[in-house]
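Below you'll find the structure, written out as structure tokens, and then a few comments.
Protein chains: 2
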Amino acid sequence: MLAAVKMAKHHPDAKWVYEKVSREIPNISLGTVYRALAALSAEGLIREYRRADGPSLYDPNTEDHFHIRCRSCGRIEDVPPVQLPDDMLESIRRASEFARVDQVRLEFGGICSACAEKTRE
Amino acid sequence: MLAAVKMAKHHPDAKWVYEKVSREIPNISLGTVYRALAALSAEGLIREYRRADGPSLYDPNTEDHFHIRCRSCGRIEDVPPVQLPDDMLESIRRASEFARVDQVRLEFGGICSACAEKTRE
DNA sequence: AATGATAATAGTAACGGTTATCAATAACGA
DNA sequence: TCGTTATTGATAACCGTTACTATTATCATT
Chain W
1 MLAAVKMAKH HPDAKWVYEK VSREIPNISL GTVYRALAAL SAEGLIREYR
51 RADGPSLYDP NTEDHFHIRC RSCGRIEDVP PVQLPDDMLE SIRRASEFAR
101 VDQVRLEFGG ICSACAEKTR E
Chain A
122 MLAAVKMAKH HPDAKWVYEK VSREIPNISL GTVYRALAAL SAEGLIREYR
172 RADGPSLYDP NTEDHFHIRC RSCGRIEDVP PVQLPDDMLE SIRRASEFAR
222 VDQVRLEFGG ICSACAEKTR E
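Those sequence lines, one after another, are chains W and A. Quick note on numbering: the first sequence equals residues 1 to 121 in my numbering. Quick note on numbering: the second sequence equals residues 122 to 242 in my numbering.
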């Protein structure tokens, strides 16, 4: 299961993993795939990337990085980490009613080069 | 409908709006609420805030701002905009296979003061 | 080998949130 | 007033995920 996710060069969802793994364990069930993926993310071997507009994606890349999404085709790509202002979390904490601010979720949107060329035609 | 969302001092979801509006239009349907909320966001009068782990929230505040979420109770609060590095989008564009990078989604996580006090007990 | 306790699994039902469908009603214009 | 178009309420379908349950592995102990 881990191998299936790790071999993906994109960000597979549970169904993709299910189909991959089914080739070796033909009667595995989708529920087992979900359980295994949840266990792997709990162990930190992969990362679950929850989305509002579609299935969760499972990211073989556990290094610090962000994602960018093409708003035309929906494709998702990794981007390297960005240096954010050092005092950002602290200033957010001061500006809010929060006792602790320690998580940031950052993602980008745009048009991938493939889509940009398509619309140029 | 607009009034219902605007009067909320939090970020209501469709069901909340539905219950509010039902008091004045008793047999309105949830579908109509969804349609109206979608129309209002299309017009820019409110903003839809799509989430992975629960219903969409509708934000009466259309000014530039971000959100912070308490990972204990789930409550969501507005935070004022943060000044991000000027060259951020451009550097992401260079680091990616994207022709255009023009959207940023940023949100914060932490523990709200109410939850912080609860766990102190 | 046989047993029993424990865990894992497949299959499927249920769930929550949203969207689609469609007949009935309302609004509008000639 | 009539016919056309748009809007609505009611409900079914949808999608991704989780819960449930009966069955099957697993495995240590006799």
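Note that beta-carbon positions come from the ideal geometry of N, C-alpha and C, so glycine has one too.
- Per DSSP, the unbroken alpha helix (DSSP H) holding residue 158 of chain A starts and ends at 151-164.
- A check of alpha carbon separations from residue 113 of chain W across W/77, W/63, W/11 identifies W/77 as the nearest.
- The beta carbon of residue 60 of chain W is closer than 7 Å to those of 5, 6, 8, 46 in its chain, skipping five residues each way along the sequence.
- Residue 202 of chain A is not a Cβ neighbour of residue 219 of chain A, given a cutoff of 8 Å.
- In the three-state reduction of the DSSP assignment, residue 104 of chain W falls in the strand class.
- When the five nearest sequence neighbours on each side are left out, the beta carbons in the same chain lying within less than 8 Å of the beta carbon of residue 79 of chain W are those of 65, 66, 67, 68, 108, in order along the chain.
- Residue 62 of chain W has its alpha-carbon roughly 19 Å from the corresponding atom of residue 75 of chain W.
- Between residue 181 of chain A and chain W, the shortest Cβ-Cβ separation is not below 8 Å.
- Taking a Cβ-Cβ cut-off of 9 Å, residue 147 of chain A has no neighbours in chain W, whose nearest Cβ is about 31 Å from it.
- Taking all protein chains shown into account, residue 213 of chain A has 16 or more neighbouring C-beta atoms within 10 Å of its C-beta and is therefore buried.
- Of the candidates W/71, W/103, W/50, W/95, the residue whose Cα lies closest to the Cα of residue 110 of chain W is W/71.
- DSSP, read as helix, strand or coil, puts residue 138 of chain A in helix.
- Judged by DSSP in its simplified three-state form, residue 232 of chain A adopts strand.
- DSSP, reduced to helix, strand and coil, places residue 172 of chain A outside both helices and strands of the structure shown, so it counts as coil.
- Rounded to whole angstroms, residue 176 of chain A and residue 51 of chain W show a C-alpha spacing of 12 Å.
- Chain A has no Cβ within less than 8 Å of the Cβ of residue 64 of chain W.
- In chain order, 213, 217, 219, 222 make up the part of chain A whose C-beta sits under 7 Å from the C-beta of residue 68 of chain W.
- Cβ neighbours of residue 33 of chain W within its own chain (closer than 8 Å, five residues either side excluded): 1, 14, 17, 18, 21.
- When the alpha-carbon of residue 41 of chain W is set against those of W/31, W/90, W/57, the nearest one is in W/57.
- Between residue 49 of chain W and residue 10 of chain W a beta carbon distance of about 12 Å is seen, past the 8 Å cut, so the two are scored as non-contacting.
- Under the 8 Å criterion on CB atoms, residue 80 of chain W is classed as interfacial with respect to chain A.
- With 16 or more neighbouring CB atoms inside 10 Å of its own CB, residue 236 of chain A falls in the buried class.
- Separation of residue 29 of chain W and residue 88 of chain W (C-alpha to C-alpha, rounded to the nearest whole angstrom) is 44 Å.
- Listed along chain A is no residue with a C-beta nearer than 7 Å to that of residue 47 of chain W; the closest approach is about 14 Å.
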